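Colleague:
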Amino acid sequence: MSSSHTVFVTAASGHIGQELVPLLLKTTTHKVILPTSSAAKLDAQIASLGLASDVASRAVIVEGDIKDPVWVQEQCQTHGVDTAFLCLTGSDELFTTCTILEAFKAARIKHLVYLSAWFEQSNTVAGMSGTLDMWGIVAHGLVKVAIELILPTLPFTHTVLGPTLFTTNDLRAKPALVVPNDAPGAAAFVPRAQPRLIEPLGNIGASRVFPYDIACAAVRCIDDAGERYNKRKIVIGTLKSYNKAEMERVWTAAFRAALGGSSDVSVTMAECDAATLDRLEELLRAAIGPGWAKELRVMYDAIAEYGWGPNETQYAEQVELLGREPMDYEAWVHETARSWLV
Ligand SMILES: NC(=O)c1ccc[n+]([C@@H]2O[C@H](COP(=O)([O-])OP(=O)(O)OC[C@H]3O[C@@H](n4cnc5c(N)ncnc54)[C@H](OP(=O)(O)O)[C@@H]3O)[C@@H](O)[C@H]2O)c1
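Quick note: the sequence shown, position 225, residue 225 per the UniProt record's numbering, numbers continuous.
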């Protein structure tokens, strides 16, 4: 059993955080300090876990501005934080990450687990130029390249987690895959006439990762306290990459299995070409704003050109850290289709 730490966990209400916080509370004795812009939202999230009061009391929710480094430093010092899990997002990710790292430095934390993304980080100029080629001008990727480069200069140990493409991204395609079913006593949804996946993953494709697996890896790296995994990057995701053809195969099989043997429904994914990317960007502009729409467009273009996934060595390191294989993406797709269509 590792010793107990006081862990500052950002984005506790997010995809990873919703998995990580319960794991830390249920499977460790660490205290967790949870910064948030909405304590009410996070309170409700913790309450819904139905934890015993002595376990729930190890979660301390602090409402404030994560972009204020003085506030972050004060929280770390007030609560005796020795470890941080740093997961940030947003158009100001570089600025916010740098100021929070300054706050961690001033508060003398001992260990950081940094949530990055899958890519090859290299110490050589040639290797680095390959990484930069892959990201092109995707800002939310480039920020992580820069932060990974400066982490070794900071006065605390660190482990980097490099997840591939989240499985939860598929859920954004739900309105393009199914429609609500009004028939009484029937399944909640029926397939659209032409169900389609909206992320254009191209012909090389991407490895997929569950936020739960990222959370399990984070717990291991927090417990490790920078001993075995100091200065290491662990990639998290399936060894297999899912390209357009594979994604269509998996989702079609899942829909047909849920609907019964005679179903001939086919799930499709658009080619990752300029016309598709134009349409996707247009759709995303309304949903997430023009800047992020452009960012995601360029990211899908990069995935189509380079693919996204661990090599055999990276995969083996992940299995060693997790103590098991990552979760099964295809089983999850089947379960998701069943939950909609049965
Ligand atoms: N989606 C993917 O396929 C993928 C793949 C690889 C890597 N990633 C990386 O994963 C990270 C996102 O993880 P996630 O999806 O678990 O998080 P998320 O769901 O996007 O987390 C959202 C919450 O994090 C807090 N937060 C994070 N950054 C903030 C900021 N700059 N300012 C204010 N609040 C901030 C806010 O919490 P409150 O509302 O409580 O204040 C916000 O509601 C990003 O760095 C992304 O690049 C994603």
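Glycine is no exception: its CB is placed at the ideal position from the N, C-alpha and C atoms. What you are looking at is a predicted structure, and each value in this text was computed from that prediction instead of being measured.
Any chance the CB of Phe-166 is under 7 Å from a heavy atom of ligand 1?
Modeller: yes
Colleague: Below 8 Å between beta carbons: does that hold for residue 353 and Asp-213?
Modeller: Outside the shown range of the chain, which is 1 to 342, sits residue 353, and nothing can be said about it.
Colleague: Measuring CB to CB, does Tyr-306 end up less than 8 Å from Met-128?
Modeller: no
Colleague: Please specify which runs of the beta strand (DSSP E), each continuous and at least 3 residues long, are wholly inside the region 33 to 99, giving them in chain order.
Modeller: Those beta strand (DSSP E) runs which fall completely within the region 33 to 99 and span 3+ residues are 59 to 63, 83 to 86.
Colleague: Is any heavy atom of ligand 1 found at a distance shorter than 7 Å from the C-beta of Cys-87?
Modeller: yes
Colleague: Would Ala-302 and Gly-64 be called neighbours here (beta carbons separated by less than 8 Å)?
Modeller: no
Colleague: What I want to know is whether the C-beta of Ile-46 ends up closer than 7 Å to one or more non-hydrogen atoms of ligand 1.
Modeller: no
Colleague: Closer than 8 Å is the cut-off here; do at least three beta carbon pairs connect the region 308 to 319 with the region 164 to 184?
Modeller: yes
Colleague: Ordered along the chain, which non-local residues of its own chain (more than five positions away) have a Cβ less than 8 Å from that of Ala-39?
Modeller: Around Ala-39: Ile-61, Val-62, Glu-63.
Colleague: Would Glu-19 and Ala-215 qualify as a contact pair, given that the criterion is a beta-carbon distance under 8 Å?
Modeller: yes
Colleague: Does the count of Cβ pairs from the region 222 to 230 and the region 171 to 182 closer than 8 Å reach three?
Modeller: no
Colleague: Buried or exposed for Ala-29, going by 16 or more other Cβ atoms inside 10 Å?
Modeller: A quick correction: the sequence has Thr, not Ala, at residue 29. So Thr-29 counts as exposed.
Colleague: Could you check whether the Cβ of Asp-92 sits closer than 7 Å to any heavy atom belonging to ligand 1?
Modeller: Yes.
Colleague: Can you give me the Cβ contacts of Leu-296 inside the same chain, cut-off strictly under 7 Å, excluding the 5 residues immediately before and after it?
Modeller: Leu-284
Colleague: Give the DSSP-derived three-state secondary structure of Phe-104 in the structure shown.
Modeller: helix
Colleague: Do Leu-277 and Pro-175 come within 8 Å of each other at the CB atom, strictly closer than that value?
Modeller: If you check the CB distance, Pro-175 and Leu-277 do not come in under 8 Å.
Colleague: Just checking: is the beta-carbon of Pro-191 within a distance shorter than 8 Å of some beta-carbon in chain C?
Modeller: As a matter of chain content, chain C is missing from the structure shown, which is built from one protein chain.
Colleague: Rounded to a whole number of angstroms, what is the C-alpha to C-alpha distance between Gly-80 and Pro-211?
Modeller: Cα to Cα, the separation comes out at about 27 Å.
Colleague: With 16 as the cutoff for other CB atoms within 10 Å, does Ser-122 come out buried or exposed?
Modeller: Ser-122 counts as exposed, since fewer than 16 other beta carbons sit within 10 angstroms of its beta carbon.
Colleague: Express the C-alpha separation of Ala-286 and Arg-172 in angstroms, rounding to a whole number.
Modeller: 14 Å
Colleague: Please say whether Thr-10 and Ile-66 have beta carbons closer to each other than 8 Å?
Modeller: yes
Colleague: Name the residue from Pro-155, Pro-195, Ala-217, Val-160 whose alpha carbon lies nearest to the alpha carbon of Leu-23.
Modeller: Ala-217
Colleague: Less than 7 Å between the CB of Thr-96 and some heavy atom of ligand 1, yes or no?
Modeller: yes
Colleague: Output yes or no for whether 8 Å exceeds the beta carbon distance between Glu-317 and Ile-234.
Modeller: yes
Colleague: When you compare each of Thr-153, Met-247, Tyr-229 to Arg-196 by their alpha carbons, which one comes out closest?
Modeller: Met-247
Colleague: Note down, in chain order, each residue of its chain lying with its Cβ closer than 7 Å to the Cβ of Lys-41, except the 5 sequence neighbours on either side.
Modeller: Ser-13
Colleague: Can you tell which of Ala-257, Arg-279, Ile-204, Thr-159 has the C-alpha that lies nearest to the C-alpha of Tyr-229?
Modeller: Thr-159
Colleague: Check for me: the alpha helix (DSSP H) holding His-334 runs from which residue to which?
Modeller: 329 to 341
Colleague: Answer with buried or exposed for Gln-75, where buried requires no fewer than 16 other C-beta atoms within 10 angstroms of its C-beta.
Modeller: buried
Colleague: So what does DSSP say about Lys-244, is it helix, strand or coil?
Modeller: helix
Colleague: Would you kindly work out how many angstroms separate the C-alpha atoms of Gly-90 and Gly-261, rounded to a whole number?
Modeller: 44 Å
Colleague: Between Thr-99 and ligand 1, is the CB less than 7 Å from at least one heavy atom?
Modeller: In this structure, ligand 1 has no non-hydrogen atom nearer than 7 Å to the beta-carbon of Thr-99.
Colleague: Return yes when at least one heavy atom of ligand 1 lies under 7 Å from the C-beta of His-140, else no.
Modeller: yes
Colleague: Please classify residue 344: is it buried, with 16 or more other beta-carbons within 10 angstroms of its beta-carbon, or exposed?
Modeller: This structure cannot settle anything about residue 344, because the visible part of the chain is limited to 1 through 342.
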